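K.L.:
There are 2 protein chains.
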Amino acid sequence: MTPDPARDESEFLANYDPRDYDPVSVTVDVVALTIRDGALHVLLVRRGNAPYAGMWALPGGFVQAGGPLQGTDAEDLSDAAVRELAEETGLSAKGGALGRMHLEQLATYGSPGRDPRMRVISVAYLAFAPELPDPEAGGDAADAAWVPVDALGLTESGDQRPGTTRRLAFDHARILSDGLERARGKLEYTPLATAFCGAEFTIPELRAVYEAVWGEELHAGNFHRKVLSVPGFVESTGETSDRGGRRGGPRPRLYRAGDARLLHPALLRPSREEEIR
Amino acid sequence: MTPDPARDESEFLANYDPRDYDPVSVTVDVVALTIRDGALHVLLVRRGNAPYAGMWALPGGFVQAGGPLQGTDAEDLSDAAVRELAEETGLSAKGGALGRMHLEQLATYGSPGRDPRMRVISVAYLAFAPELPDPEAGGDAADAAWVPVDALGLTESGDQRPGTTRRLAFDHARILSDGLERARGKLEYTPLATAFCGAEFTIPELRAVYEAVWGEELHAGNFHRKVLSVPGFVESTGETSDRGGRRGGPRPRLYRAGDARLLHPALLRPSREEEIR
DNA sequence: TTATGTTGTACTCAATCTGAGATGAACTCA
DNA sequence: TGAGTTCATCTCAGATTGAGTACAACATAA
Numbered sequence: 001m002t003p004d005p006a007r008d009e010s011e012f013l014a015n016y017d018p019r020d021y022d023p024v025s026v027t028v029d030v031v032a033l034t035i036r037d038g039a040l041h042v043l044l045v046r047r048g049n050a051p052y053a054g055m056w057a058l059p060g061g062f063v064q065a066g067g068p069l070q071g072t073d074a075e076d077l078s079d080a081a082v083r084e085l086a087e088e089t090g091l092s093a094k095g096g097a098l099g100r101m102h103l104e105q106l107a108t109y110g111s112p113g114r115d116p117r118m119r120v121i122s123v124a125y126l127a128f129a130p131e132l133p134d135p136e137a138g139g140d141a142a143d144a145a146w147v148p149v150d151a152l153g154l155t156e157s158g159d160q161r162p163g164t165t166r167r168l169a170f171d172h173a174r175i176l177s178d179g180l181e182r183a184r185g186k187l188e189y190t191p192l193a194t195a196f197c198g199a200e201f202t203i204p205e206l207r208a209v210y211e212a213v214w215g216e217e218l219h220a221g222n223f224h225r226k227v228l229s230v231p232g233f234v235e236s237t238g239e240t241s242d243r244g245g246r247r248g249g250p251r252p253r254l255y256r257a258g259d260a261r262l263l264h265p266a267l268l269r270p271s272r273e274e275e276i277r
Numbered sequence: 001m002t003p004d005p006a007r008d009e010s011e012f013l014a015n016y017d018p019r020d021y022d023p024v025s026v027t028v029d030v031v032a033l034t035i036r037d038g039a040l041h042v043l044l045v046r047r048g049n050a051p052y053a054g055m056w057a058l059p060g061g062f063v064q065a066g067g068p069l070q071g072t073d074a075e076d077l078s079d080a081a082v083r084e085l086a087e088e089t090g091l092s093a094k095g096g097a098l099g100r101m102h103l104e105q106l107a108t109y110g111s112p113g114r115d116p117r118m119r120v121i122s123v124a125y126l127a128f129a130p131e132l133p134d135p136e137a138g139g140d141a142a143d144a145a146w147v148p149v150d151a152l153g154l155t156e157s158g159d160q161r162p163g164t165t166r167r168l169a170f171d172h173a174r175i176l177s178d179g180l181e182r183a184r185g186k187l188e189y190t191p192l193a194t195a196f197c198g199a200e201f202t203i204p205e206l207r208a209v210y211e212a213v214w215g216e217e218l219h220a221g222n223f224h225r226k227v228l229s230v231p232g233f234v235e236s237t238g239e240t241s242d243r244g245g246r247r248g249g250p251r252p253r254l255y256r257a258g259d260a261r262l263l264h265p266a267l268l269r270p271s272r273e274e275e276i277r
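Residue numbers (the working numbering), protein chains in the order written: chain A, 1 to 277; chain B, 1 to 277.
See below:
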């Protein structure tokens with residue numbers, strides 16, 4: 001005789017107590033990247049409270065679980081990422097500075113001991129935005145700033161070089177390293193670089209994005225040819241920039257992002273030889 | 001006057017009660033893929049308990065948090081993935097069937113309401129293994145089996161086509177879809193396909209892996225040339241298989257996995273044109 | 001044993017893509 | 001006005017690609 005599944009299920013839910021399980025907290029942390037003065041910057045906050053008070057960290061915080069009933073205050077993970085970003089840095093999502101922002105999940109970090117308070121699982125997000133205003137500290141943050149990535153002394157293994165002044169809390173150096181590597185890779189086969197630019201941009205501006213993220217100079221002529229040959233990467237506006245390059249040169253043409261979601265053929269990094277093995 | 005950070009921190013930890021926060025549970029789910037009879041299979045378990053009792057699901061379960069003190073019973077997320085695999089399917093990690101298995105994190109799923117019991121955040125892992133024995137159900141699982149991926153009627157949007165007999169619980173159809181897409185992509189630029197083969201394999205065997213995962217036939221001659229031209233992808237053993245192909249042909253040579261971690265140049269899917277936009 | 005069909009491996013060839021450099025006009029700045 | 005910079009395009013040799021050919025080695029069925 002088969003039991004009635006519906007009755008089984010409701011009975012089960014009535015007797016279920018989540019507190020029978022070990023407590024785990026879930027946080028979101030955001031690696032928000034932008035380009036300022038031709039250099040890649042990451043959004044960091046200085047922690048106002050313990051643990052790691054005074055050190056720098058990725059903006060983030062606890063997810064609002066909404067209790068067992070998961071009522072209206074329960075939020076999706078990506079919503080929590082945007083909320084924490086807004087709370088701690090004053091950058092607002094709706095219509096504001098974060099409007100054209102691209103957000104995607106990066107990875108989840110959950111080693112025991114990564115947070116001294118308790119078992120914390122952190123879902124990291126990766127955000128790309130055009131040049132944004134300076135942030136204003138809020139919430140738990142004592143300070144907030146765009147920090148040049150190069151100034152953090154990150155090594156390939158996800159640590160910070162000794163002597164670096166701005167130390168990162170928790171395992172945020174590892175998370176940031178992973179985010180940077182993801183960003184570098186995504187520029188190769190997606191039109192993500194356009195998310196770092198304004199609504200209209202020039203090919204040299206786009207090239208500057210690639211050079212800042214990849215940390216190497218590109219052949220201007222070949223880059224130009226390649227970008228225009230990939231279907232759907234950029235589309236011409238017919239307009240021309242109202243000024244030439246910083247130190248001379250003709251006025252570059254303006255483009256906007258096309259409708260491609262994948263670049264084919266891809267733009268590969270010149271110096272990938274080293275990291276193959 | 002600056003407060004003493006060390007004293008601040010210990011005082012804070014003493015007063016900290018995790019139960020002040022909403023309860024959240026964290027689970028791991030595993031998308032374990034293998035190749036059987038030339039077709040891609042995924043490891044599924046039939047649920048023995050509510051919710052979704054009787055339906056099929058990815059093997060997985062709750063992470064052992066280890067309490068506030070995070071003692072010895074606290075486990076890393078990837079360890080939890082291997083443990084759940086072993087518990088529910090009888091496939092053992094150490095030296096056993098899961099020995100040559102490749103495991104990587106896929107993504108984290110945490111929409112409110114994805115589990116009717118409470119707020120559950122699920123960290124999904126992706127596993128690749130050579131041909132494995134049939135699993136044996138254990139733990140919460142009423143049954144366990146390798147199921148051909150094609151038999152699940154997955155659509156691009158992460159749902160199952162109506163009329164599919166084996167229905168998947170929770171949002172596991174979406175997770176499986178994401179895992180398959182990740183696997184397809186990873187074959188392009190990493191030597192992952194060798195994880196589906198035994199320690200020694202032939203080029204045609206490797207081609208069969210690509211064809212099973214990508215779901216399309218490849219040009220044998222060009223594939224052969226390409227694989228051998230990518231540095232570090234495979235290395236010759238000098239040996240020859242003791243039998244020709246299933247229906248004739250010369251004995252293929254044997255290779256083992258090389259030391260490359262990235263394929264350069266990559267092996268691109270022929271039919272990527274469609275998914276570009 | 002023989003005949004037939006299949007398969008692994010190597011080769012060819014034209015089309016395409018790539019990196020590196022050259023060119024010239026348009027522009028900024030001193 | 002002159003010097004130096006930059007955008008955009010072109011050139012060209014080398015590498016890579018897809019598609020096809022060739023042939024010997026093999027399994028299977030007659």
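Beta carbons: idealized from backbone N, C-alpha and C, even for Gly.
On a predicted model such as this, the values are computed, not experimentally measured, just so you know.
Smallest Cα separation from residue 165 of chain B: which of B:46, B:152, B:171?
P.N.:
Sequence index remark: in the second sequence, residue 165 of chain B carries index 165 (1-based). When only C-alpha atoms are compared, the closest one is B:152.
K.L.:
How about the region 225–235 of chain B and the region 157–174 of chain B: do they share at least three Cβ pairs that are nearer than 8 Å?
P.N.:
No, the region 225–235 of chain B does not touch the region 157–174 of chain B.
K.L.:
Is residue 257 of chain A closer than 8 Å to residue 191 of chain A when the C-beta atoms are compared?
P.N.:
Within the first sequence, numbered from 1, the residue matching residue 191 of chain A stands at position 191. Within the first sequence, numbered from 1, the residue matching residue 257 of chain A stands at position 257. In this structure, residue 257 of chain A lies closer than 8 Å to residue 191 of chain A by Cβ.
K.L.:
Got a sec: is the Cβ-Cβ distance from residue 130 of chain B to anything in chain A below 8 Å?
P.N.:
In the second sequence, counting from the first residue as 1, residue 130 of chain B sits at position 130. So no, residue 130 of chain B is outside the interface.
K.L.:
Helix, strand or coil for residue 25 of chain B? Go by DSSP, reduced to three states.
P.N.:
Within the second sequence, the letter at position 25 stands for residue 25 of chain B. Correct three-state label for residue 25 of chain B: strand.
K.L.:
Note the first and the last residue of the continuous alpha helix (DSSP H) segment covering residue 223 of chain A.
P.N.:
The residue given as residue 223 of chain A occupies position 223 in the first sequence. Element bounds for residue 223 of chain A: 220–229.
K.L.:
Would you call the CB atoms of residue 178 of chain A and residue 107 of chain A closer than 8 Å?
P.N.:
Taking the first sequence and counting its residues from 1, the one referred to as residue 178 of chain A is at position 178. Taking the first sequence and counting its residues from 1, the one referred to as residue 107 of chain A is at position 107. Yes, these two residues count as a Cβ contact at 8 Å.
K.L.:
Please tell me whether residue 121 of chain A has its Cβ less than 8 Å away from any Cβ of chain B.
P.N.:
In the first sequence, counting from the first residue as 1, residue 121 of chain A sits at position 121. Closer than 8 Å to some Cβ of chain B, the Cβ of residue 121 of chain A qualifies, so yes.
K.L.:
Three or more C-beta pairs closer than 8 Å, one from the region 208–221 of chain A and one from the region 53–61 of chain A: is that the case here?
P.N.:
Contact fails: fewer than three Cβ-Cβ distances are below 8 Å.
K.L.:
Report the neighbours of residue 270 of chain B on chain A: residues whose CB is nearer than 8 Å to its CB, in chain order.
P.N.:
As a first step, residue 270 of chain B is located in the second sequence; it is residue number 270 there, counting from the start. The contacting residues do not exist; residue 270 of chain B stays about 12 Å from chain A at best.
K.L.:
What does residue 150 of chain A touch in chain B if you count any residue whose Cβ is under 8 Å from its own?
P.N.:
Start at 1 with the first residue of the first sequence, and residue 150 of chain A comes out as number 150. Under the 8 Å cutoff, chain B gives no residues; its nearest Cβ is about 24 Å from residue 150 of chain A.
K.L.:
For residue 70 of chain B and chain A, any beta-carbon pair shorter than 8 Å?
P.N.:
The sequence position of residue 70 of chain B within the second sequence is 70, counting from 1. Cβ-Cβ to chain A under 8 Å: yes for residue 70 of chain B.
K.L.:
Return the bridge partner residues of residue 41 of chain B from the DSSP annotation.
P.N.:
Residue numbering aside, residue 41 of chain B sits at position 41 when the second sequence is read from its first letter. According to DSSP, residue 41 of chain B bridges with B:34, B:148.
K.L.:
If residue 135 of chain A and residue 91 of chain A are in contact, beta carbons under 8 Å, what's the gap, nearest whole angstrom?
P.N.:
Numbered from 1 along the first sequence, position 135 holds the residue referred to as residue 135 of chain A. Numbered from 1 along the first sequence, position 91 holds the residue referred to as residue 91 of chain A. The pair is a contact, with the Cβ atoms about 6 Å apart (cut-off 8 Å).
K.L.:
Does the beta-carbon distance from residue 183 of chain A to residue 126 of chain A come in below 8 Å?
P.N.:
Your numbering for residue 183 of chain A matches position 183 in the first sequence. Your numbering for residue 126 of chain A matches position 126 in the first sequence. Yes.
K.L.:
Closest by CA to residue 261 of chain A, which one among A:73, A:206, A:230?
P.N.:
Start at 1 with the first residue of the first sequence, and residue 261 of chain A comes out as number 261. That would be A:230, whose Cα lies nearest to the Cα of residue 261 of chain A.
K.L.:
I'd like to know if residue 25 of chain B contacts chain A, where contact means its C-beta is closer than 8 Å to some C-beta of that chain.
P.N.:
Position 25 of the second sequence, counted from the first residue, corresponds to residue 25 of chain B. Yes, residue 25 of chain B counts as interfacial toward chain A.
K.L.:
Leaving aside the five residues before and after residue 131 of chain A along the sequence, list all residues of the same chain whose C-beta is less than 7 Å from its C-beta, in chain order.
P.N.:
In the first sequence, residue 131 of chain A corresponds to position 131, counting from 1. Counting only Cβ-Cβ distances below 7 Å, and skipping sequence neighbours, we find 34, 35, 36.
K.L.:
On the CB-based measure, 16 or more other CB atoms within 10 Å of its CB, does residue 206 of chain A come out buried or exposed?
P.N.:
Along the first sequence, read from residue 1 onward, the residue named residue 206 of chain A stands at position 206. Result: buried.
K.L.:
Roughly how many angstroms lie between the CA atoms of residue 247 of chain B and residue 154 of chain A, to the nearest whole one?
P.N.:
Within the second sequence, the letter at position 247 stands for residue 247 of chain B. Within the first sequence, the letter at position 154 stands for residue 154 of chain A. In a straight line, the C-alpha of residue 247 of chain B is about 55 Å away from that of residue 154 of chain A.
K.L.:
Which two residues bound the contiguous alpha helix (DSSP H) that contains residue 102 of chain A?
P.N.:
Your numbering for residue 102 of chain A matches position 102 in the first sequence. First-last for residue 102 of chain A: 102–109, but that is the beta strand (DSSP E), not the alpha helix (DSSP H).
K.L.:
Can you pull the chain B neighbours of residue 178 of chain A, defined as C-beta to C-beta under 8 Å?
P.N.:
Within the first sequence, numbered from 1, the residue matching residue 178 of chain A stands at position 178. Within 8 Å Cβ-Cβ: nothing; residue 178 of chain A doesn't reach chain B, min ~10 Å.
K.L.:
One question on the structure: do residue 194 of chain A and residue 252 of chain A come within less than 8 Å of each other, judged by their Cβ atoms?
P.N.:
Reading the first sequence from its first residue, position 194 is the one you call residue 194 of chain A. Reading the first sequence from its first residue, position 252 is the one you call residue 252 of chain A. No, Cβ-Cβ distance for residue 194 of chain A and residue 252 of chain A is not below 8 Å.
K.L.:
Would you say residue 107 of chain A faces chain B, with C-beta separation under 8 Å as the test?
P.N.:
For this step, residue 107 of chain A is matched to residue 107 along the first sequence. It does; some Cβ of chain B falls within 8 Å.
K.L.:
Ignore the nearest five residues each way along the sequence and tell me which others in residue 101 of chain A's own chain have a CB closer than 6 Å to its CB.
P.N.:
Position 101 of the first sequence, counted from the first residue, corresponds to residue 101 of chain A. Result list for residue 101 of chain A: 127, 129, in chain order.
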